[in-house]
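Student: Here it is, the structure in full.
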Amino acid sequence: MVKQPQNDGFVVFDHVQKSYDGETLVVKDLNLSIGKGEFLTMLGPSGSGKTTCLMMLAGFETATSGDIRLDGRPINSVPPHKRGIGMVFQNYALFPHMTVGENLAFPLEVRGMGKDERETKIKRALDMVQMYDFINRRPAQLSGGQQQRIALARALVFDPSLVLMDEPLGALDKQLREHMQFEIKHLHESLGITVVYVTHDQGEALTMSDRVAVFNDGRIQQLAPPDELYERPDNAFVAQFIGENNKLEGVIETINGAEAEVRLGTGELIAATPVNVSKKGEKVLVSIRPERVEFKPEMMPPGAHMIDAEVMEFIYMGDLFRTRLRVAGHDDFVIKSRNTQGQTMLRPGEKIKIGWSPADARALQP
Amino acid sequence: MAATDTQPDDPQVLRTVDGVPLKTALAVASRRARIRAFFLVVPLLVFILLTFAVPIGQMLSRSFTDDKFSANMVELGKWFDANGKAAPDEAAYAALAADLKTASEEKTAGNIGTRINYELPGTRSLFTSAARKAKDLEPPFKEAILALDPQWARADLWAAMRSASAAATLNFYQAALDRQIGADGNFEAAPENVQIYVKLFIRTFVMSVVITGLCLLLGFPVAHLLAVLPLRHASLLMILVLLPFWTSLLVRTTSWMVLLQSQGVVNDLLVALGVITTDGRLEMMYNQTGTIIAMTHILLPFMILPLYSVMKTIPPSYARAARSLGATSWTTFRRIYLPQTVSGIGAGGILCFILAVGYYITPALVGGADGTLISNQIAFHMQKSLNWSLAAALAAMLLAAVLILYWAYDRLVGIDNMKLG
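As you go down the protein sequences, you meet chains A and B in turn.
Numbering-wise (this note's numbering), the first sequence opens with residue -12 and increments by one.
Numbering-wise (this note's numbering), the second sequence opens with residue -8 and increments by one.
What follows is the structure in structure tokens.
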């Protein structure tokens, strides 16, 4: 399962703030500790501050206040070329006037490395991404995926202990992107490097990371391993941002430790797990994953409160059936069922009863 | 695909509804389109032919020919054809007398004299005065003509007439290279005091190189700034760069005269600041300094615009990548940024240089004696001395030099790499 690296604070953001115009903070009081060898992803919508954090770490932006430490050493005033951090850019940024070999030689030359040593390292790095045959090509003669591999090899060729990746797979098509996700993941595992990865693609974040930091509005909303992030979101933003999600508004009727009952606006009573709410009568948003909703009475999990639903739309998606329901006055409630042998295909207009395990319904502050 | 390779009567040949093979029908259609397209460009083609190709052709042919002498001195021409380089005898003088008589009747003595005057300055009056008295000449002509003026016996005069008796001549190129045919008929360097063109060519090229270099030095940072500034500021700066284009060339040049002359603004300011004394006012006008300053200013946009168009396409991530890979900002500039701007430098450089080499107005106004360029000399021969053939020869040499430069650029950098915007 998920490897939990020892968190010795290899990269530390300590009360970091960043403002471009002196008025609004793009990054607000960021505290983050990344362990050595960890694969950490910064995930968030555009403008959430994740790229700014990466740029501060790389040295292209300076923190307005707070400390950034790399391996225990404050790096706020260290210029980017002395940080020794490998970086992969979204558009690859391979130097167009140099061959693949020259591109890889560049970081070694500026470090004053001898020719023999350079060639050994270049060969090793290119072999790592299976691109040694392309050493004499120019970047323009390579496909997007090949350029991506070269960019990766270039960021790794000088043996940095930390590699930053800024949406590196954004320009690739879906299939290649998924393939490269695994390749990067494998490289990370075999080299033992620390990776800080920025993306706005939640699937990518969940697939690759040891931990994911979800950014919004300049703050980390939740920092957790992928499974926890998906199954136990801390707040309404994370619940909405990661994966598809149904939300029902209501008021807490009873609360008893880890169990609560919520009265919906239309009068139905449902079971839920309170997350960041504690008081009776408090307004809550109950979030339920579409695939955790059950509609067959014989399969209903224990403790489920069943409520009425009407089928609005049925979409055949191949491996999944996606059914849109009207629940508690809203007609955007979605359930997903796997296309297994004998699965029920619901018809629009059909009246059914749905329910879920109270553990899967999380009552969050709206 | 296979159908196109098969025989015409093969049933597999694709045919249109009318039974015409599809391949033929397509060829007809595309030929029609080509003809239509050609007719659209005909006006421009004719315009270019009439205003560009024909004048250049005429200039080139004029630089090799001058028939002012040969067309009017028919008899003497015949004698030269028959006798070659022999010393002029009685028959030669008789032919000369006959031609001078015709010249006086047709009033062409001035033209004839002008042609010989190109080669031997001060000989024009010899012809005009002899022509006036030509109808009174009696045999023996040699003595009669020598009696008019003993200069008629000069060997170099006869050599000049011999070479002018053919319309086609390389004399003008020879003059443009500061060469002359000596009395013994050999090429030799012209006397030092009349050597001007080679020096002027060298000066033109050196100054053009200096001006192009200054444009690059001044224009590179501006172009970079234009490329990296936010759009709002960049467009303001772009207006400042383009402003000179919207102002008359004469206005710009005369403003430099106002600024740079010895009683001008710059000198006054320097005196007021105590940098120089009133007696030590700098001479920045009517010399090379004036030409270089004014022309650098005028040609700057031609350097900035191609540079800008190239720099705009270089994403900032290259510099960031280089920095993250461990390069200092200087190394990043030298190894990553500069090589990517080469096409812009080449385009701007060649544009500035070619414009500078042929520049006329500015050096004429601010150049004084030692700040004028070859084009000013060409204009002089076009307008003042009326030696159009020499002007054409100088212009042709300038054209050849530019073409050689262009060829060299193509070999070294490649014209395909050039980006003009």
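Glycine included, C-beta positions come from ideal geometry on N, C-alpha and C.
Counting contacts by CB-CB distance shorter than 7 Å, is A:Gly(-4) in contact with chain B?
Tutor: Chain B, which has no Cβ nearer than 7 Å to the Cβ of A:Gly(-4), makes this no.
Student: Considering only the alpha carbon of each residue, which of B:Lys59, B:Ala180, B:Gln165, B:Tyr84 lies closest to B:Asp135?
Tutor: First, the amino acid is wrong: residue 135 of chain B is Ala here, not Asp. B:Ala135 has its Cα closest to that of B:Tyr84, out of B:Lys59, B:Ala180, B:Gln165, B:Tyr84.
Student: Assuming A:Thr260 and A:Arg349 are in contact, meaning their beta carbons sit under 8 Å apart, how far apart are those beta carbons, in whole angstroms?
Tutor: Their Cβ separation, rounded to whole angstroms, is 5 Å, which keeps A:Thr260 and A:Arg349 in contact under 8 Å.
Student: Any beta-carbon of chain B closer than 7 Å to the one on A:His68?
Tutor: It does: the Cβ of A:His68 has a partner Cβ on chain B nearer than 7 Å.
Student: Would A:Arg313 and A:Glu300 qualify as a contact pair, given that the criterion is a beta-carbon distance under 7 Å?
Tutor: No, Cβ-Cβ distance for A:Arg313 and A:Glu300 is not below 7 Å.
Student: Spatial neighbours of B:Ile305 within its chain, please: C-beta separation below 8 Å, excluding the five flanking residues on both sides.
Tutor: Excluding positions up to five away in sequence, the list reads Ala218, Tyr328, Gln331, Thr332.
Student: Any beta carbon of chain A sitting closer than 7 Å to that of B:Ser246?
Tutor: No, because no Cβ of chain A sits closer than 7 Å to the Cβ of B:Ser246.
Student: Please report the distance separating the alpha-carbon of A:Lys37 from that of A:Pro126.
Tutor: Those two C-alpha atoms are separated by around 28 Å.
Student: Entirely within the stretch 108 to 164 of chain A and at least 4 residues each: give me those alpha helix (DSSP H) ranges in chain order.
Tutor: DSSP runs (the alpha helix (DSSP H)) wholly in the stretch 108 to 164 of chain A: 131 to 143.
Student: What residue from A:Gly99, A:Arg311, A:Gln328, A:Pro353 has the CA that sits closest to A:Ile341's CA?
Tutor: Ranking the options by Cα distance to A:Ile341, first place goes to A:Arg311.
Student: With 7 Å set as the bound, which would you pick, yes or no: does the beta-carbon of B:Pro221 sit closer than that to a beta-carbon of chain A?
Tutor: It does not: the Cβ of B:Pro221 has no partner Cβ on chain A nearer than 7 Å.
Student: Can you give the beta carbon distance from B:Arg314 to A:His317, rounded, assuming they're within the 8 Å contact cut?
Tutor: That pair is no contact at about 51 Å.
Student: Please list, in chain order, the chain B residues whose beta carbon lies closer than 9 Å to that of A:Phe145.
Tutor: Going along chain B in sequence order, the residues near A:Phe145 (Cβ under 9 Å) are Leu316, Gly317.
Student: Cα separation between A:Ile72 and A:Glu25?
Tutor: So the alpha carbons of these two residues sit roughly 15 Å apart.
Student: With a threshold of 7 Å between beta-carbons, can B:Tyr164 be considered close to chain A, or not?
Tutor: It does not: the Cβ of B:Tyr164 has no partner Cβ on chain A nearer than 7 Å.
Student: In this structure, does DSSP put A:Ala247 in helix, strand or coil?
Tutor: A:Ala247: strand per DSSP, three-state reduction.
Student: Under 7 Å, Cβ to Cβ, is there at least one residue of chain A near B:Tyr400?
Tutor: Cβ-Cβ to chain A under 7 Å: no for B:Tyr400.
Student: So B:Ser308 contacts chain A; which residues on that side make the cut at Cβ distance below 7 Å?
Tutor: Correct list: Phe76, Asn78, Ala80.
Student: Using three-state DSSP, classify B:Arg53 as helix, strand or coil.
Tutor: Helix.
Student: Within 10 angstroms of the Cβ of A:Gly336, are there 16 or more other Cβ atoms? Answer buried if so, exposed if not.
Tutor: With fewer than 16 other Cβ atoms within 10 Å, it is exposed.
Student: Under three-state DSSP, which class holds B:Tyr109?
Tutor: It is helical.
Student: Please report how far the alpha carbon of B:Leu364 lies from the alpha carbon of B:Ile345, in whole angstroms.
Tutor: Taking the straight line joining both Cα atoms gives about 13 Å.
Student: Report yes or no: do three or more beta-carbon pairs, one from the stretch 368 to 384 of chain B and one from the stretch 217 to 232 of chain B, lie closer than 8 Å?
Tutor: Cβ pair count under 8 Å is below three, so no.
Student: Can a CB atom of chain A be found closer than 7 Å to the CB of B:Pro297?
Tutor: No - not a single Cβ of chain A is within 7 Å of the one on B:Pro297.
Student: Of the choices A:Val262, A:Leu41, A:Asp1, whose alpha-carbon is the least far from that of A:Thr186?
Tutor: Minimum Cα distance to A:Thr186 is reached at A:Leu41.
Student: If you compare alpha carbons, which of A:Gly205, A:Arg70, A:Gly59, A:Ser52 is closest to A:Gly46?
Tutor: Looking at the Cα atoms, A:Arg70 is the closest of the given residues.
Student: For B:Gln331, go through chain A and note every residue whose CB falls closer than 9 Å to its CB, in chain order.
Tutor: Chain A residues near B:Gln331: Phe82, Pro83, His84.
Student: Quick check on this structure: which residue in A:Ser130, A:Gly99, A:Asp58 has the alpha carbon closest to the alpha carbon of A:Leu81?
Tutor: Selected option, being the one with the closest Cα: A:Ser130.
Student: Please state if the CB of A:Leu163 and the CB of A:Ala140 are separated by a distance shorter than 7 Å.
Tutor: The answer is no: Cβ separation not under 7 Å.
Student: Going by DSSP, what residue range makes up the alpha helix (DSSP H) through B:Ala386?
Tutor: Its alpha helix (DSSP H) spans residues 379 to 403.
Student: Provide the residue span of the beta strand (DSSP E) that contains A:His317, from first to last.
Tutor: Per DSSP, A:His317 belongs to the beta strand (DSSP E) from 317 to 325.
Student: In chain B, which residues lie with their C-beta within 7 Å of the C-beta of A:Ala50?
Tutor: What A:Ala50 touches in chain B: nothing, since even the nearest Cβ is about 17 Å away.
Student: Given a limit of 9 Å on CB to CB distance, which residues of the stretch 346 to 370 of chain B reach chain A?
Tutor: Result list empty, no residue passes.
Student: Residues bridged to A:Val238 by DSSP?
Tutor: DSSP output for A:Val238 lists A:Arg250, A:Lys270 as bridge partner(s).
Student: Please list, in chain order, the residues of the stretch 95 to 106 of chain A that have any C-beta partner in chain D closer than 8 Å.
Tutor: Protein chains A and B are contained in the structure displayed, whereas chain D is not.
Student: From which residue to which residue does the alpha helix (DSSP H) around B:Glu179 run?
Tutor: No alpha helix (DSSP H) contains B:Glu179, which is instead part of the beta strand (DSSP E) from 178 to 180.
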